[in-house]
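Have a look at the structure below before the remarks.
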Amino acid sequence: MTNTPDKGDMLKVRMDAVTLSMMDTARAYLKLDKSKFIRESVREKAEAVIAEHQKTRFSAEDWTAFFGALDAPAAPTPRMKKAAAKFRDIQG
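For the sequence shown, our numbering gives the first residue as 536, with consecutive numbering after it.
The structure is reproduced here in structure tokens:
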């Protein structure tokens, strides 16, 4: 993904008077022009939405199983032991 804007990349937005007034007040506080204020606002919102949707959520049963496995891990299988030995050989 490229971060450099293309002159052909344009977004036209219709805004009601109240929202426009709020935006103008906010951007005046931040000393930003309209384009930069809108870009930063959209980016902040997009990052928040993406972060929220990419979170891993666990049910109560998931938490119980996870911490149960930490408290009482399963015994290593022969395949796991072989993989650990191979790793040790590689590491020297």
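We put the beta carbon where it would ideally sit given N, CA and C, even for glycine.
Computed from a predicted model, the values in this text were never measured in an experiment.
Practice prompt. Assess, as a yes-or-no matter, whether the region 579-592 is touched by the region 557-569 under the definition of 3 or more beta carbon pairs within less than 8 angstroms.
Written response: no
Item to complete: Could you please give the first and the last residue of the uninterrupted alpha helix (DSSP H) stretch that includes residue 653?
Response: Absent from the structure is residue 653, since the part of the chain shown begins at 536 and ends at 627.
Worksheet item: Which residues bound the alpha helix (DSSP H) around residue 605?
Response: Along the sequence shown, one-based indexing puts residue 605 at 70. Where residue 605 is concerned, the enclosing alpha helix (DSSP H) stretches over 595-606.
Item to complete: Using only alpha-carbon positions, find the residue among 573, 558 and 615 that is nearest to residue 546.
Response: Against the sequence shown, residue 546 aligns to sequence position 11. For residue 546, the nearest C-alpha among the options comes from 573.
Practice prompt. Please report how far the alpha carbon of residue 575 lies from the alpha carbon of residue 552, in whole angstroms.
Written response: Your numbering for residue 575 matches position 40 in the sequence shown. Your numbering for residue 552 matches position 17 in the sequence shown. The alpha-carbon atoms of residue 575 and residue 552 are separated by roughly 21 angstroms.
Worksheet item: What separation, rounded to the nearest whole angstrom, lies between the Cα atoms of residue 619 and residue 539?
Response: To locate residue 619, count along the sequence shown from 1; it is residue 84. To locate residue 539, count along the sequence shown from 1; it is residue 4. So the two alpha carbons sit approximately 46 angstroms from each other.
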